[in-house]
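Under full-length UniProt numbering, the first residue of the sequence shown carries the number 1, and numbering increases by one thereafter.
Yeah, the Cβ is synthetic: ideal placement off N, Cα and C, and Gly gets one too.
Here's the structure, in structure tokens; my notes come after.
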Amino acid sequence: MADSVEVELQKVPTASQHGVAGAIAGVISSVLTFPTDTVRARLQVFGSGSMKYKGGTISIIRGIMNEEGSRALFRGLTPTLCALAPSMCIFFSTYEYFKGVTNSHALSACSSWMIMSTATNPLWVAKLRLQTKPAEYARLRMVGTLKHVYRSEGAAGLFSGLRASWFGASTVTIQMSLYEKLKASTTLPIPVSSALSMAVASIMTYPYEVVRSRLQVGVDPSIMGACRSIMNSEAGWRGFYAGLRTSMLRLTLASGITFTLYESILKTLSQADTDSQRL
Numbered sequence: 001m002a003d004s005v006e007v008e009l010q011k012v013p014t015a016s017q018h019g020v021a022g023a024i025a026g027v028i029s030s031v032l033t034f035p036t037d038t039v040r041a042r043l044q045v046f047g048s049g050s051m052k053y054k055g056g057t058i059s060i061i062r063g064i065m066n067e068e069g070s071r072a073l074f075r076g077l078t079p080t081l082c083a084l085a086p087s088m089c090i091f092f093s094t095y096e097y098f099k100g101v102t103n104s105h106a107l108s109a110c111s112s113w114m115i116m117s118t119a120t121n122p123l124w125v126a127k128l129r130l131q132t133k134p135a136e137y138a139r140l141r142m143v144g145t146l147k148h149v150y151r152s153e154g155a156a157g158l159f160s161g162l163r164a165s166w167f168g169a170s171t172v173t174i175q176m177s178l179y180e181k182l183k184a185s186t187t188l189p190i191p192v193s194s195a196l197s198m199a200v201a202s203i204m205t206y207p208y209e210v211v212r213s214r215l216q217v218g219v220d221p222s223i224m225g226a227c228r229s230i231m232n233s234e235a236g237w238r239g240f241y242a243g244l245r246t247s248m249l250r251l252t253l254a255s256g257i258t259f260t261l262y263e264s265i266l267k268t269l270s271q272a273d274t275d276s277q278r279l
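Here it is as structure tokens:
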């Protein structure tokens, strides 16, 4: 009898708890890995062929610090967190909801990404502008940047790169499907499973990230225009993989940290909810 009561009290985490856990984990992970995100964003937008961004990740970080100061490595952190927290909350909560409805990790991840990317695209546009065009947006904050983009480019500017962002569904679909499979069928620790799944997904779909970044910053007007610009650049087809090493470093680290914290926070929230039911 006691065992049945104990089992009954073990509540399954709610979709909102998944959202909260994802948001907290994502914010912490982003703060810890942000300098590599700054390097990644600049390489994707300006290309590794630029003399300013020659060399490895550490070399580029040193160059940014020497020319712009150490604060430049964290330029755009506040708008990133403003965009990331709701993005992670929306993704993980809707992902959990769709899992219960579809019983498919791939379909759930794809659907959640489409909803999340559409809802938060203006925030990511502002984040990228602040991070990659410091001279133009140096005095503007998140709201100011959103207003500036809207006044100068209209609503289309706020949703620039959205179609390219939708292609990101392929990345997260591969990542989440592989992560769930590794978590369920292997003894690999969560940091390894999450980092491995992210590495595989990123390598397979990386070119879309480069195109999306260029569209959101306003370097190119369309997907085809971005592809032509990249192919006609000095780097050629390699331009589609500009910043790949830096991105892989950032993504695998961030993914390992995010999912480790996510699972831990989710367990804590669920346990707290269960304990409250006992009172």
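Taking the beta carbon of residue i as the centre, do at least 16 other beta carbons fall within 10 Å, making it buried, or is it exposed?
i, result
"residue 209", "buried"
"residue 176", "buried"
"residue 20", "buried"
"residue 178", "buried"
"residue 104", "exposed"
"residue 8", "The predicted model places residue 8 with a pLDDT of 46, which falls under 50 and marks its position as unreliable; any figure quoted below should be read in that light. Its Cβ having fewer than 16 others within 10 Å, residue 8 is exposed."
"residue 216", "buried"
"residue 11", "exposed"
"residue 5", "Interpretation of residue 5 is limited by its pLDDT of 45, a score under 50 that renders its predicted location unreliable; the figure taken from the coordinates is listed afterwards. Residue 5 is exposed by the Cβ-count criterion."
"residue 118", "exposed"
"residue 142", "buried"
"residue 204", "exposed"
"residue 136", "exposed"
"residue 155", "exposed"
"residue 127", "buried"
"residue 224", "exposed"
"residue 78", "exposed"
"residue 276", "exposed"
"residue 124", "buried"
"residue 30", "buried"
"residue 147", "exposed"
"residue 184", "exposed"
"residue 139", "exposed"
In terms of residue numbering, what span does the alpha helix (DSSP H) encompassing residue i cover?
i, result
"residue 334", "Only positions 1 to 279 of the chain appear in this structure, which leaves residue 334 out of reach."
"residue 166", "162-166"
"residue 149", "142-153"
"residue 99", "77-102"
"residue 200", "190-217"
"residue 226", "223-232"
"residue 57", "57-68"
From residue i to residue j, what does the alpha carbon distance come to, in whole angstroms?
i, j, result
"residue 180", "residue 242", "29 Å"
"residue 67", "residue 59", "12 Å"
"residue 64", "residue 70", "7 Å"
"residue 18", "residue 90", "9 Å"
"residue 188", "residue 260", "12 Å"
"residue 151", "residue 165", "23 Å"
"residue 186", "residue 194", "12 Å"
"residue 51", "residue 161", "With a pLDDT of 48 at residue 51, under the threshold of 50, the modelled position of that residue is not reliable, and the figure given next carries that caveat. Distance between the alpha carbons of residue 51 and residue 161: 26 Å."
"residue 256", "residue 272", "24 Å"
"residue 174", "residue 82", "26 Å"
"residue 182", "residue 199", "13 Å"
"residue 274", "residue 268", "10 Å"
"residue 97", "residue 159", "26 Å"
"residue 32", "residue 220", "31 Å"
"residue 249", "residue 76", "19 Å"
"residue 120", "residue 87", "6 Å"
"residue 108", "residue 196", "20 Å"
Can you list, in chain order, the residues of its chain with a C-beta nearer than 7 Å to that of residue i? Leave out the 5 residues immediately preceding and following it.
i, result
"residue 265", "21, 24 and 25"
"residue 61", "35, 39 and 73"
Consider the Cβ of residue i: report whether some Cβ of chain C lies at a distance smaller than 8 Å.
i, result
"residue 194", "Structure shown: chain C not included; a single protein chain is present."
Near residue i, what residues of its chain come up, given a Cβ to Cβ distance below 6 Å and the 5 sequence neighbours on each side ignored?
i, result
"residue 191", "256 and 260"
"residue 262", "21, 22 and 25"
"residue 13", "266 and 270"
"residue 110", "169 and 173"
"residue 251", "198 and 202"
"residue 92", "18, 19 and 22"
"residue 85", "23 and 27"
In its own chain, which residues sit with a C-beta less than 8 Å from the C-beta of residue i, not counting the 5 before and 5 after it?
i, result
"residue 168", "113, 117, 205, 208, 209 and 212"
"residue 133", "217"
> Do three or more CB pairs link the region 99-116 to the region 29-45 at distances below 8 Å?
Replying inline: The region 99-116 makes no contact with the region 29-45: fewer than 3 CB pairs, one atom from each, lie closer than 8 Å.
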